Amino acid sequence: ADAVNYLLSKLSPVRMEAILPELARRLIRSRALDRFRFDDCFLVAFDGTELMRQTNRRHCDNCLTAEHRDGRIDYFQQVVDAKLVTETGLTLSLGFKFIENEGGNYVKHDCEIKAFYRLAAIIKQRFPRQHICVLGDALYACDRVIELFAEYGWSFFLSFLPDRIPTLYAEAEAKLAANPQNSMTMRDVKRKETCTYRW
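Take the position in the sequence shown, starting the count at 1, then add 39; the result is the number in the numbering used here.
Encoded structure:
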């Protein structure tokens, strides 16, 4: 632990930020991760993550804030993180961007997406020829994000909720109903769950 603390005290944050993506790049180049590809793509999950939260005590000037009804103020920091994920649970960080709201106010939907655009550009620059399949929640299911995926040549799997793009959701439901043969049901004996996949 002392050696790690010494190292971290000597490295600049910029150098620290570059270490994990460089590790991932070297593993990809050495083909050590090829068995984790999905249809020739690496699965990369993008999501907002809270790093720390304190009540009534500001950590730094860049803290986001959330005010409670009783007057307490939470100060916190969030990032949008991009991780290469595998079915074994192994994850490798490809990069992150802090969510930095103007004036410190917190509006998740606007700012997580803005941080995502900044991060996606960095990931494309770091891994320009890499085949990537993005995994994301319903926040990313919007025209501008999907257009960006097309521009970068990335495929994607996104959660899709009825209220995100109602007309597109209704169209997708109609197509699923018209093609019942495009489904597969699997039983997970260990978890005692049944999952149905439709496309």
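For each residue, glycine too, the CB sits at the ideal point set by N, CA and C. Computed from a predicted structure; not experimentally measured.
Option nearest residue i by Cα separation, candidates the options
i      : options                        : result
Gly128 : Phe75, Ala42, Arg230, Pro219   : Phe75
Arg168 : Pro52, Lys136, Trp193          : Trp193
Arg226 : Ala63, Cys234, Pro219          : Cys234
Pro219 : Arg230, Val228, Trp238, Thr206 : Trp238
Leu215 : Glu106, Tyr236, Lys231         : Tyr236
Glu2   : Leu197, Ala121, Ala213, Tyr45  : The chain is shown only over 40 to 238; residue 2 falls outside these bounds and no answer can be derived.
Asp202 : Asn221, Ala177, Glu186         : Ala177
Arg68  : His170, Asp41, Tyr208, Tyr191  : His170
Glu89  : Asp78, Glu106, Gln117, Ala105  : Gln117
Tyr208 : Glu232, Asp41, Asp182          : Asp182
Supposed contact pair residue j and residue i - C-beta distance, whole angstroms, cut 8 Å
i      : j      : result
Leu82  : Leu174 : 6 Å
Ala211 : Phe199 : 7 Å
Phe135 : Val119 : 7 Å
Arg92  : Asp113 : 6 Å
Leu133 : Ile162 : 6 Å
Residue i and residue j closer than 8 Å at C-beta
i      : j      : result
Leu103 : Phe85  : no
Gly87  : Glu151 : yes
Ala180 : Ile204 : yes
Arg108 : Asn95  : no
Cys99  : Cys172 : no
Leu66  : Leu59  : no
Arg64  : Arg165 : yes
Leu131 : Leu50  : no
Ala154 : Phe137 : yes
Contact test: residue i Cβ vs the ligand FAD heavy atom, cutoff 7 Å
i      : result
Ala177 : By its list of ligands, the structure shown contains no ligand whatsoever, and the ligand FAD lies outside what it can speak to.
Host beta strand (DSSP E) of residue i (start-end)
i      : result
Asp100 : Where Asp100 is concerned, there is no enclosing beta strand (DSSP E), given that its DSSP letter is neither H nor E.
Val118 : 112-124
Val83  : 81-94
Ser222 : 222-227
Arg237 : 232-237
First and last residue of the uninterrupted alpha helix (DSSP H) at residue i
i      : result
Val53  : 52-68
Ser48  : 41-49
Pro219 : Note, Pro219: premise wrong, no alpha helix (DSSP H); not H, not E.
Item to check | alpha helix (DSSP H) runs wholly inside the segment 126-196, at least 4 long, in chain order | outcome: 147-165, 182-191
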